[in-house]
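Q: Structure below; questions to follow.
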Amino acid sequence: MAVIKKVVLLALAATSASAFAFSPRANVGSSVKTFNGVPPAVGNAFAKTCPSTTVALSASGGEAVAEADEGSMADTLKTGSYFALWYLFNIGYNIYNKQALNALAFPWTIATIQMVTGIFYFVPLWLTGLRKAPKLSVDDLKTLLPIALCHTGVHVGAVIALGAGAVSFAHIVKASEPVVTCGANALLLGEVLPAKVYATLLPIIGGVAIASMKELSFTTLALASAMLSNVSSSLRGVLSKKTMSGKQIGENLDAQNLYAVLTAMSSCILIPMALAVEGTAFIPAFKAAVAAGSFTNKSLSTLLALGGLTYYMYNEVAFLALGKVNPVTHAVGNTIKRVVIIVASVIAFKTPMSTGSIIGSTIAIMGTLLYSLAMNSVKK
């Protein structure tokens, strides 16, 4: 309980500092981009811009100013709340996921459970009409299938990496995703970026290399799985650009519904794959864990369910958080998020980090921030 309190306080401190320092700007477009969420290109296609606030000038201008200030403060508080929930759900997911993997070494099955859990969230919203259900044709589903395959790879790779090594190490390697993205864009889309963007990749590569050499819990499987997640995420973005750019896909397919559809499709992909890789050995392992006395049926089931719920919710809330801020704030927010997760996991699991690992991870994460800022300046 003391650990959880520390993690919560840490997240709230970080989000209070970041969210209020970076209040939303009117009429500024934002790009939705998450490492484990919707593809960058897909998110960009459906990202919402901050609504502009037009205040009619009254005879006594003071009322208009007061209304604008109140609206700005309300937006700031709302954005701060979104960031706090985004960080807290993300921290919760990483902790619940690692605890489940420590208890049950079946990453494919656990990844499948987490993916399927999201269905129990968005399907009731569609059935009750609280959210308009998307309408998709067979051709639409064929268009989305390659993206869903990559989406599956992103999640499975991350879960295997988190199970094979420390949470902190997995996120350090995940910070190298921009390197893979640049390579994939150059090879598959012929996209050549300015030299300053490529220059920011050097600290990322160097930082991850230093952290990997000095990582006390280093395993080849953790490194390879995290890189699989990176490659899948990059390919997901490339495929999204090639297949969805400027193309209307179905009806009611906003960013949140798109993520829901990808979740449903990935669930259908993962179920047979998990059975093929791990079979049904998860069931006797579950019973053995309960018999050992470490868990009850209820507590272990709850742990698995919480892992799935927080996984879906942190991606859901990410749309609300990142859709409220400009690209620079988004880049800073993503960087702070990764730092908070690494620190929270170190506290929660008492994971030792060598000085070299700390230095390497710091360099890599700062390189990721510089890459995001450089990319944003290129897009302007």
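When you read off a place in the sequence shown, starting at 1, and then add 1243, the result is the number in the numbering used here.
For each residue, glycine too, the CB sits at the ideal point set by N, CA and C.
Leaving out five residues before and five after N1428 in sequence, what residues of the same chain have Cβ atoms less than 7 Å from its Cβ?
A: If you number the sequence shown from 1, residue 1428 lands on position 185. Counting only Cβ-Cβ distances below 7 Å, and skipping sequence neighbours, we find E1434, V1481.
Q: Which runs of the alpha helix (DSSP H) at least 4 residues long sit entirely within the segment 1464-1535? Give them in chain order.
A: As far as the segment 1464-1535 is concerned, its whole alpha helix (DSSP H) runs of at least 4 residues are 1498-1521, 1525-1534.
Q: Quick check: what's the CA-CA separation for S1476 versus N1495?
A: Start at 1 with the first residue of the sequence shown, and residue 1476 comes out as number 233. Start at 1 with the first residue of the sequence shown, and residue 1495 comes out as number 252. Between S1476 and N1495, the C-alpha separation is close to 24 Å.
Q: How would you write the range of the alpha helix (DSSP H) that G1550 sits in, first residue to last?
A: One-based indexing of the sequence shown puts residue 1550 at position 307. Unbroken alpha helix (DSSP H) run through G1550: 1540-1565.
Q: Rounded to the nearest angstrom, what separates W1329 and A1524 at their Cα positions?
A: Counting from one through the sequence shown, the residue named residue 1329 turns up at place 86. Counting from one through the sequence shown, the residue named residue 1524 turns up at place 281. Rounded to the nearest angstrom, the two C-alpha atoms are 34 Å apart.
Q: Please say whether F1529 and L1543 have beta carbons closer to each other than 8 Å?
A: Along the sequence shown, read from residue 1 onward, the residue named residue 1543 stands at position 300. Along the sequence shown, read from residue 1 onward, the residue named residue 1529 stands at position 286. For L1543 and F1529, yes; Cβs fall inside 8 Å.
Q: For G1406, which residues in the same chain have their Cβ closer than 7 Å to its Cβ, ignoring the five residues on either side in sequence?
A: Here the question's residue 1406 lines up with position 163 in the sequence shown. Once the five neighbours on either side are set aside, the close Cβ partners of G1406 are L1344, A1348, P1350.
Q: Cutting at 8 Å between CB atoms, please list the residues of its own chain near Y1441, excluding the five before and the five after it.
A: Within the sequence shown, the letter at position 198 stands for residue 1441. These residues qualify, in order along the chain: C1425.
Q: Quick check on K1378: does DSSP put it in helix, strand or coil?
A: Against the sequence shown, residue 1378 aligns to sequence position 135. Of the three classes helix, strand and coil, the one that applies to K1378 here is strand, per DSSP.
Q: Since G1603 is in the alpha helix (DSSP H), which residue starts that stretch and which ends it?
A: Translated into positions along the sequence shown, residue 1603 becomes position 360. Unbroken alpha helix (DSSP H) run through G1603: 1598-1622.
Q: Can you tell me which of the three DSSP states P1420 falls into?
A: Taking the first residue of the sequence shown as 1, we reach residue 1420 at position 177. Position check: residue 1420 holds Glu in this sequence, whereas Pro was assumed. E1420: helix per DSSP, three-state reduction.
Q: For A1254, which residues from the same chain have a beta carbon less than 8 Å from its beta carbon, with the 5 sequence-adjacent residues on both sides left out?
A: Sequence index remark: in the sequence shown, residue 1254 carries index 11 (1-based). Because the pLDDT of A1254 is 41, which lies under 50, any placement of that residue in the model is unreliable, and the number read from its coordinates should be weighed accordingly. Hits under 8 Å: A1327, Y1330, L1331, I1334, V1583, A1587.
Q: Pull up the distance between the alpha-carbon of N1619 and that of H1398, whole angstroms please.
A: Taking the first residue of the sequence shown as 1, we reach residue 1619 at position 376. Taking the first residue of the sequence shown as 1, we reach residue 1398 at position 155. Approximately 26 Å between the Cα atoms of the pair.
Q: Suppose only complete runs of 4+ residues qualify. What are the alpha helix (DSSP H) ranges in the segment 1341-1385, listed by chain order?
A: Runs found: 1350-1360, 1362-1371.
Q: With a cut-off of 8 Å, does the C-beta of S1542 fall near any C-beta of chain D?
A: Protein chains in the displayed structure number just one, and chain D is not present.
Q: With a threshold of 7 Å on Cβ separation, who are the neighbours of G1400 within its own chain once the five nearest residues in sequence on each side are excluded?
A: Looking up residue 1400 in the sequence shown gives position 157. Only S1468, A1469, L1471, S1472, S1475 meet the Cβ criterion.
Q: Around the Cβ of P1197, are there at least 16 other Cβ atoms within 10 angstroms (buried) or fewer (exposed)?
A: This structure gives no information on residue 1197, because the portion of the chain shown stretches from 1244 to 1623.
Q: Among the candidates G1396, I1514, L1466, whose CA atom is the shortest distance from the CA of L1478?
A: Your numbering for residue 1478 matches position 235 in the sequence shown. Nearest C-alpha to L1478: G1396.
Q: For Y1325 and V1560, which I take to be in contact (beta-carbon distance under 8 Å), what is that distance rounded to the nearest angstrom?
A: Here residue 1325 refers to the residue found at position 82 of the sequence shown. Here residue 1560 refers to the residue found at position 317 of the sequence shown. So it is a contact: roughly 6 Å between Cβ atoms.
Q: Could you give the C-beta distance for V1416 and L1464, rounded to a whole number, given that I count them as a contact under 8 Å?
A: Stepping through the sequence shown from its first residue, residue 1416 is reached at position 173. Stepping through the sequence shown from its first residue, residue 1464 is reached at position 221. Going by Cβ atoms, the distance from V1416 to L1464 rounds to 12 Å, so no, they are not a contact pair.
Q: Which two residues bound the contiguous alpha helix (DSSP H) that contains S1455?
A: Position 212 of the sequence shown holds residue 1455. Taken as a continuous stretch (DSSP letters only), the alpha helix (DSSP H) holding S1455 covers 1444-1457.
Q: Out of curiosity, what's the CA-to-CA distance linking L1387 and I1512?
A: Here residue 1387 refers to the residue found at position 144 when the sequence shown is read from its first residue. Here residue 1512 refers to the residue found at position 269 when the sequence shown is read from its first residue. The alpha-carbon atoms of L1387 and I1512 are separated by roughly 13 Å.
Q: Pick helix, strand or coil for N1408, following the three-state DSSP scheme.
A: As a working note, residue 1408 is residue 165 in the sequence shown. A quick correction: the sequence has Gly, not Asn, at residue 1408. Looking at G1408 - three-state DSSP - the assignment turns out to be coil, as it is neither helix nor strand.
Q: Excluding the 5 residues preceding and the 5 following I1602 in the sequence, name in chain order all residues of the same chain whose CB lies nearer than 7 Å to its CB.
A: The residue you call residue 1602 lines up with position 359 of the sequence shown. Excluding positions up to five away in sequence, the list reads I1453.
Q: Does the Cβ of T1371 have 16 or more other Cβ atoms within 10 Å, making it buried, or fewer, making it exposed?
A: Locating residue 1371 in the sequence shown gives position 128, where the first residue counts as 1. Classification of T1371: exposed, given that the 10 Å Cβ count is below 16.
Q: Excluding the 5 residues preceding and the 5 following V1423 in the sequence, name in chain order all residues of the same chain whose CB lies nearer than 6 Å to its CB.
A: On the sequence shown, residue 1423 is found 180 positions in, with the first residue counted as 1. These residues qualify, in order along the chain: N1473, V1474, S1477.
Q: So which of L1431, S1600, K1541 has the shortest CA-CA distance to K1484?
A: Residue mapping note: residue 1484 aligns to position 241 of the sequence shown, counting from 1. Closest by alpha carbon: L1431.
Q: Is V1366 buried or exposed, if buried means 16 or more other CB atoms sit within 10 Å of its CB?
A: Here residue 1366 corresponds to residue number 123 of the sequence shown, with the count starting at 1. Answer is exposed; the Cβ neighbour count stays below 16.
Q: With a 10 Å radius around its C-beta and 16 neighbouring C-beta atoms as the bar for buried, classify Q1357 as buried or exposed.
A: Residue numbering aside, residue 1357 sits at position 114 when the sequence shown is read from its first letter. By the neighbour-count rule (16 or more Cβ atoms within 10 Å), Q1357 is buried.
Q: Measuring straight from C-alpha to C-alpha, what distance separates G1536 and S1411?
A: Residue mapping note: residue 1536 aligns to position 293 of the sequence shown, counting from 1. Residue mapping note: residue 1411 aligns to position 168 of the sequence shown, counting from 1. Each residue's Cα considered, the two are about 28 Å apart.
Q: Excluding the 5 residues flanking Y1554 on each side, which residues of the same chain have their C-beta closer than 6 Å to its C-beta?
A: As a first step, residue 1554 is located in the sequence shown; it is residue number 311 there, counting from the start. Excluding sequence neighbours, Y1554 sits near Y1336, Q1357.
Q: When the Cα atoms are used, what is the spatial distance from I1608 to T1578?
A: As a first step, residue 1608 must be located in the sequence shown, where it is residue number 365. As a first step, residue 1578 must be located in the sequence shown, where it is residue number 335. Each residue's Cα considered, the two are about 7 Å apart.
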